[in-house]
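Input: a single structure, listed below in structure tokens.
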């Protein structure tokens with residue numbers, strides 16, 4: 002056992018402990034060895050309980066302990082699981098702050114140290130303020146290592162706090178971490194009492210959602226700004242205006258598959274046009290193209306030769322893709338080498354410039370008759386290939402003057418329409434119904450396997466998304482999420498309902514937020530709603546206190562919409578509505594005062610408005626302005642601003658609500674924006 006600790010409210014400067022092996026079974030002081038964890042069904046995922054020991058993570062080892070004062074006073078306990086590369090960190094606040102619970106971040110991480118992964122968010126400070134210690138591992142491979150760390154952390158905390166009662170625990174994770182969170186809640190019992198998965202994915206999300214966006218980057222990049230203007234506040238509302246047949250086909254397909262229409266305002270992110278790289282190449286496909294090429298090696302050949310694929314389809318979109326195709330064989334005319342004789346770049350016969358902006362493949366015919374793949378990039382002139390790292394020696398040895406190289410973009414044009422050939426066999430994925438005939442039969446050829454579930458199960462650790470949650474779950478999903486589409490969350494809610502667990506589940510839709518966070522002034526940071534959800538799930542599990550109702554929403558053609566009014570919308574996010582004549586567009590002359598009036602409401606049981614901030618130009622310069630008019634739970638605000646030069650401005654009102662106005666956390670935000678055209 003860990004030795005007795007000094008007084009917990011006044012931590013000493015530093016304590017370190019040599020590596021000590023502490024098996025969970027010994028910590029329980031049980032006379033009988035604990036049973037090993039086993040799958041609940043043959044071949045199924047590991048079923049982990051509070052009593053069993055996962056044989057892969059049976060021996061946790063404490064490597065060190067240190068008492069720190071930043072960002073809060075806490076003891077940090079670090080360690081690893083013997084025989085693995087998995088590590089954990091436990092952050093224990095002083096005893097006078099702890100209230101018998103822990104929060105556990107399970108986002109797929111490379112580092113168990115909270116401060117190295119989510120340093121921009123006050124994870125430790127929030128946990129301590131909420132009466133919790135914090136647990137984190139370096140993750141990967143699903144929920145099992147997290148379950149082992151959570152159970153061992155209870156042993157450490159019980160000893161540290163000299164606590165003999167129950168310790169409650171709650172996991173939370175977003176994106177790939179939502180897979181791990183739902184996998185954990187479905188495949189464990191007595192480890193965590195609740196979970197908060199956020200920005201949920203579905204088994205069909207990878208790679209299809211990224212591929213459909215890559216199709217958009219191939220076809221819609223030139224008209225993206227017009228689409229963005231149409232869907233922005235005060236726009237025409239018709240994103241299809243001016244599009245040709247191929248463009249309309251792709252925008253319809255993207256929208257029905259779930260790309261939020263309003264996410265087009267940030268079209269550079271949506272289409273992978275920002276941050277460098279080639280939109281439809283490795284950047285636009287987020288590396289999943291390589292995985293598909295390994296798992297479905299005949300796809301590109303079929304795409305360009307078989308009926309039912311865009312590569313052969315006689316349609317405006319098929320014609321467009323064929324016009325972008327590059328497939329040439331060229332000869333090497335010069336090989337440049339470094340001082341050690343290793344090739345660094347090649348000069349080749351002129352290559353037709355890549356009209357699609359896609360990535361290119363380079364295939365070299367080696368001396369032994371085999372084809373080798375060359376890693377490199379072609380310059381804009383189409384004459385020089387700069388070699389990059391990772392080229393096999395046998396391929397480098399084949400690079401001589403006169404040798405032939407095939408340069409093509411066949412794969413990178415074929416992959417973006419891959420979702421057409423991945424129609425899920427599992428019922429309920431209605432966004433894929435656009436690829437079915439009236440009788441439910443897929444209208445396009447289907448590939449030999451569904452790639453999405455195969456990839457996703459590696460992340461969950463074998464999770465099945467069956468909705469059979471053990472404990473309370475509050476899911477948080479964002480309506481502008483262009484990475485994990487909003488309908489994913491409705492899909493999982495239906496799995497929970499079908500499993501008979503709706504009474505233990507809430508779904509909170511969060512408007513004006515996307516997958517990443519408040520990276521533009523059009524978005525709000527969603528960490529406050531996560532904090533409130535963690536507070537609510539704890540109260541729900543520990544005292545039975547019911548959280549607010551789930552957000553009300555509708556689903557149509559892959560799009561999630563919510564009511565404009567907070568009372569009808571429910572959930573916990575405040576809602577601001579303009580009172581400027583029923584429009585979200587205002588015309589004004591230079592020097593003419595513009596009146597901006599709005600009303601703000603908070604859903605039932607979700608707290609009160611604590612802040613209103615104004616950004617009159619859309620530049621992201623929010624200024625806090627007090628409010629004092631409140632009628633029957635509705636806050637009314639009004640500001641007047643005079644524009645001194647012509648232009649189009651997007652004035653914004655950012656509002657914040659809280660249950661506890663004195664708290665530094667749980668600040669739930671929303672935006673209202675209006676277009677102001679000044680002439």
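Residue numbers (this note's numbering): 2 to 680. Don't be surprised by glycine CBs; every beta carbon is placed ideally from N, CA and C.
field: residue 470 vs residue 500 beta-carbon contact at 9 Å
entry: In the chain shown, counting from the first residue as 1, residue 470 sits at position 469. In the chain shown, counting from the first residue as 1, residue 500 sits at position 499. In contact: residue 470 and residue 500 (Cβ atoms closer than 9 Å).
field: Candidates 57, 104, 74, of which the one nearest residue 81 by Cα
entry: Within the chain shown, numbered from 1, the residue matching residue 81 stands at position 80. It is 57.
task: Classify residue 74 as helix, strand or coil using the three-state DSSP reduction.
output: Working through the chain shown from its first residue, we reach residue 74 at position 73. If DSSP states are grouped into helix, strand and coil, residue 74 belongs with coil.
message: Between residue 140 and residue 171, how many whole angstroms is the CB-CB distance? I'm expecting something under 8 Å.
response: In the chain shown, counting from the first residue as 1, residue 140 sits at position 139. In the chain shown, counting from the first residue as 1, residue 171 sits at position 170. Not a contact, Cβ separation roughly 17 Å.
message: Measuring straight from C-alpha to C-alpha, what distance separates residue 394 and residue 161?
response: Walking along the chain shown from the start, residue 394 turns up at place 393. Walking along the chain shown from the start, residue 161 turns up at place 160. Going from the Cα of residue 394 to the Cα of residue 161 covers about 56 Å.
message: Residues in the same chain with beta-carbon distance under 7 Å from residue 175, minus the five sequence neighbours each way, listed in chain order, please.
response: Position 174 of the chain shown, counted from the first residue, corresponds to residue 175. Contacts found: 108, 199, 200.
query: If you drop the 5 nearest sequence neighbours on each side, which residues of the same chain put their C-beta closer than 8 Å to that of residue 565?
result: The residue labelled residue 565 in the question sits at position 564 within the chain shown. So the list reads 576, 578, once near-sequence residues are dropped.
- prompt: If we ignore side chains and look at the alpha-carbon of each, how far apart do residue 524 and residue 236 end up?
  reply: Locating residue 524 in the chain shown gives position 523, where the first residue counts as 1. Locating residue 236 in the chain shown gives position 235, where the first residue counts as 1. Residue 524 and residue 236: Cα-Cα distance of roughly 18 Å.
As assigned by DSSP and simplified to three states, the class of residue 393: As a working note, residue 393 is residue 392 in the chain shown. If DSSP states are grouped into helix, strand and coil, residue 393 belongs with coil.
query: Where DSSP assigns a beta bridge to residue 92, which residues make up the other side?
result: Counting from 1 along the chain shown, the entry for residue 92 is found at position 91. Paired residues: 77, 135.
message: For the pair the region 208 to 228 and the region 420 to 427, tell me if three or more CB-CB distances fall below 8 Å.
response: yes
- prompt: Identify the residues that DSSP records as bridge partners of residue 169: which are they?
  reply: Numbered from 1 along the chain shown, position 168 holds the residue referred to as residue 169. Per DSSP, 102.
The beta strand (DSSP E) enclosing residue 640, as first and last residue numbers: Residue mapping note: residue 640 aligns to position 639 of the chain shown, counting from 1. Looking at the DSSP string, the run of the beta strand (DSSP E) that includes residue 640 is 635 to 643.
- prompt: residue 223 bridges to which residues according to DSSP?
  reply: Residue numbering aside, residue 223 sits at position 222 when the chain shown is read from its first letter. In DSSP, residue 223 forms no bridge with anything.
query: What are the boundary residues of the beta strand (DSSP E) that includes residue 198?
result: If you number the chain shown from 1, residue 198 lands on position 197. First-last of the beta strand (DSSP E) with residue 198: 195 to 199.
- prompt: Quick one: what does DSSP say residue 659 is sitting in, helix, strand or coil?
  reply: Counting from 1 along the chain shown, the entry for residue 659 is found at position 658. Strand.
- request: Please check the pair residue 136 and residue 124, which I expect to be a contact at CB under 8 Å, by giving their CB distance rounded to whole angstroms.
  value: Numbered from 1 along the chain shown, position 135 holds the residue referred to as residue 136. Numbered from 1 along the chain shown, position 123 holds the residue referred to as residue 124. Actually they are not in contact, since the Cβ atoms of residue 136 and residue 124 sit about 11 Å apart, beyond 8 Å.
- prompt: So, is residue 548 buried or exposed, given that buried needs 16 or more other C-beta atoms within 10 angstroms?
  reply: The sequence position of residue 548 within the chain shown is 547, counting from 1. Looking at its Cβ environment, which holds 16 or more other Cβ atoms inside 10 Å, residue 548 is buried.
- request: Find out if the Cβ-Cβ distance for the pair residue 330, residue 405 is shorter than 9 Å.
  value: The sequence position of residue 330 within the chain shown is 329, counting from 1. The sequence position of residue 405 within the chain shown is 404, counting from 1. A contact, by the Cβ cut-off of 9 Å.
message: Give me, in chain order, the residues of the same chain whose beta-carbon lies closer than 6 Å to that of residue 602; leave out the 5 immediate sequence neighbours on both sides.
response: Within the chain shown, numbered from 1, the residue matching residue 602 stands at position 601. Once the five neighbours on either side are set aside, the close Cβ partners of residue 602 are 567, 576, 635.
message: If the criterion is Cβ atoms closer than 9 Å, does the pair residue 308 and residue 250 meet it?
response: Here residue 308 is taken as the residue at index 307 of the chain shown, counted from 1. Here residue 250 is taken as the residue at index 249 of the chain shown, counted from 1. No; because the gap between Cβ atoms is not below 9 Å, this pair is not in contact.
field: Strand pairing of residue 117, partner residues [DSSP]
entry: The residue given as residue 117 occupies position 116 in the chain shown. Looking at the DSSP assignment, residue 117 forms no beta bridge with any residue, so it has no partner.
- request: Would you kindly work out how many angstroms separate the C-alpha atoms of residue 103 and residue 626, rounded to a whole number?
  value: Taking the first residue of the chain shown as 1, we reach residue 103 at position 102. Taking the first residue of the chain shown as 1, we reach residue 626 at position 625. Approximately 37 Å, taken between the alpha carbons.
field: Contact under 9 Å by Cβ, residue 492 with residue 179
entry: For the purposes of this step, residue 492 is identified with residue 491 of the chain shown, where counting begins at 1. For the purposes of this step, residue 179 is identified with residue 178 of the chain shown, where counting begins at 1. Cβ distance not < 9 Å, so residue 492 and residue 179 don't count as in contact.
- request: Enumerate in chain order the residues of its own chain whose CB-to-CB distance from residue 664 is below 6 Å, with the five nearest sequence positions on each side excluded.
  value: Within the chain shown, residue 664 is the residue found at index 663, counting from 1. Same-chain partners within the cutoff: there are none.
message: residue 271 and residue 483 - do their beta-carbons sit closer together than 9 Å?
response: Taking the chain shown and counting its residues from 1, the one referred to as residue 483 is at position 482. Taking the chain shown and counting its residues from 1, the one referred to as residue 271 is at position 270. Yes, Cβ-Cβ distance for residue 483 and residue 271 is below 9 Å.
- prompt: Going straight from the alpha carbon of residue 37 to that of residue 51, what length do you get?
  reply: Here residue 37 corresponds to residue number 36 of the chain shown, with the count starting at 1. Here residue 51 corresponds to residue number 50 of the chain shown, with the count starting at 1. Straight-line Cα distance between these residues: approximately 11 Å.
message: Please return the same chain residues whose Cβ sits closer than 6 Å to the Cβ of residue 435, not counting the five positions on each side in sequence.
response: One-based indexing of the chain shown puts residue 435 at position 434. Cβ within range, chain order: 257.
field: Beta-carbon contacts of residue 530 that lie in its chain and below 7 Å, excluding the five residues immediately before and after
entry: Reading the chain shown from its first residue, position 529 is the one you call residue 530. For residue 530, where only same-chain residues beyond five positions count, the Cβ hits under 7 Å are 477, 509, 511, 573, 574, 669.
message: Please state the DSSP three-state secondary structure of residue 670.
response: Mapped onto the chain shown, residue 670 falls at position 669. Here residue 670 sits in strand by DSSP.
- request: Would you kindly work out how many angstroms separate the C-alpha atoms of residue 657 and residue 173, rounded to a whole number?
  value: Along the chain shown, read from residue 1 onward, the residue named residue 657 stands at position 656. Along the chain shown, read from residue 1 onward, the residue named residue 173 stands at position 172. Whole-angstrom Cα-Cα distance: 23 Å.
message: Assuming contact is defined by CB atoms lying nearer than 9 Å, are residue 680 and residue 588 in contact in what I supplied?
response: Counting from one through the chain shown, the residue named residue 680 turns up at place 679. Counting from one through the chain shown, the residue named residue 588 turns up at place 587. Their beta carbons are under 9 Å apart, which means residue 680 touches residue 588 by this criterion.
message: With DSSP as the reference, identify every bridge partner of residue 366, one or two as the case may be.
response: The sequence position of residue 366 within the chain shown is 365, counting from 1. Per DSSP, 372.
field: C-beta atoms of residue 337 and residue 324 nearer than 9 Å
entry: In the chain shown, residue 337 corresponds to position 336, counting from 1. In the chain shown, residue 324 corresponds to position 323, counting from 1. No, these two residues do not count as a Cβ contact at 9 Å.
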